[in-house]
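> Please see the structure below; I have some questions.
In our numbering, the protein residues as written are 1 to 237.
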């Protein structure tokens, strides 16, 4: 559990690809761990550069790298399979064939889905209470900016359109029951799942807006930090 009951700190490393975000994220994690903090390094980069830098596999669940340091790579499809089952079920029904589960998964891979999944992952790390610090090895700048803007865009939709859509579905559902068009109307579970998703993302928005907890480091040049690679090597006994 977090020491002293303090809120988890969040540190984002951003910048274009190849400037050393992963290297510095790992170096910061090791430095924090040496001061007794439990750290989770979370990679939102679809290139999976975290595993490459460590020279060992990193999956969608926290993996112990060294004392007090854990690493996790975000895998969008794995996250979606667990979080959006009701939405996928509606898409399969819409497609009319249970065999089209793969197509339903592909329909969920809309632009911005990686950013949405990354935000949920930050909340999951925070909710475990196992870490003092979450260091995010961000995707290149464009994807990171979309990730940071996503909560506000989703909030606008929820405040101005969501209830209208939900009420419309409730009104139409009895009228089209028994007709082929009925499958076009999302079930109530669809809206429940979307509302839960919004609540989770809004929790992350509050974390990101809290300057006492969250800070960012934007890298503009290629970082050369050979010391970080030495830190990852086991010390001779």
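Glycine is no exception: its CB is placed at the ideal position from the N, C-alpha and C atoms. Fair warning: this is a prediction, and the values are worked out from it, not measured in the lab.
To test your reading of the DSSP string, which unbroken alpha helix (DSSP H) runs of 4 or more residues are found completely within the segment 154–182?
DSSP runs (the alpha helix (DSSP H)) wholly in the segment 154–182: 163–176.
> State the beta-bridge partners of residue 11 as determined by DSSP.
By one-based count along the chain shown, residue 11 stands at place 11. DSSP, once it has assigned bridges, lists 135, 215 as partnering residue 11.
> Are there any heavy atoms of the ligand NAP lying less than 7 Å away from the beta-carbon of residue 213, as far as the coordinates show?
Absence of the ligand NAP from the depicted structure is noted, as is the absence of any ligand whatsoever, leaving it without description.
> Going by other Cβ atoms of all chains shown within 10 Å of its Cβ, with 16 needed for buried, is residue 132 buried or exposed?
Residue numbering aside, residue 132 sits at position 132 when the chain shown is read from its first letter. Buried.
> Under a Cβ-count criterion, where at least 16 other Cβ atoms within 10 Å of its own Cβ denotes burial, should residue 7 be classed as buried or exposed?
Position 7 of the chain shown holds residue 7. Exposed, by the Cβ-count rule.
> Take residue 10 as the anchor and find which of 16, 17, 25, 19 has the nearest alpha-carbon.
Taking the chain shown and counting its residues from 1, one reaches residue 10 at position 10. Closest option to residue 10, Cα to Cα, is 25.
> Is it the case that the Cβ atoms of residue 148 and residue 204 are separated by a distance below 8 Å?
Translated into the one-based positions of the chain shown, residue 148 becomes position 148. Translated into the one-based positions of the chain shown, residue 204 becomes position 204. Not in contact: residue 148 and residue 204 (Cβ atoms no closer than 8 Å).
> Return the CA-CA distance between residue 51 and residue 171, expressed in angstroms with no decimal places.
Here residue 51 corresponds to residue number 51 of the chain shown, with the count starting at 1. Here residue 171 corresponds to residue number 171 of the chain shown, with the count starting at 1. Distance between the alpha carbons of residue 51 and residue 171: 50 Å.
> Terminal residues of the continuous alpha helix (DSSP H) containing residue 205?
Sequence index remark: in the chain shown, residue 205 carries index 205 (1-based). 188–209 is the extent of the alpha helix (DSSP H) around residue 205.
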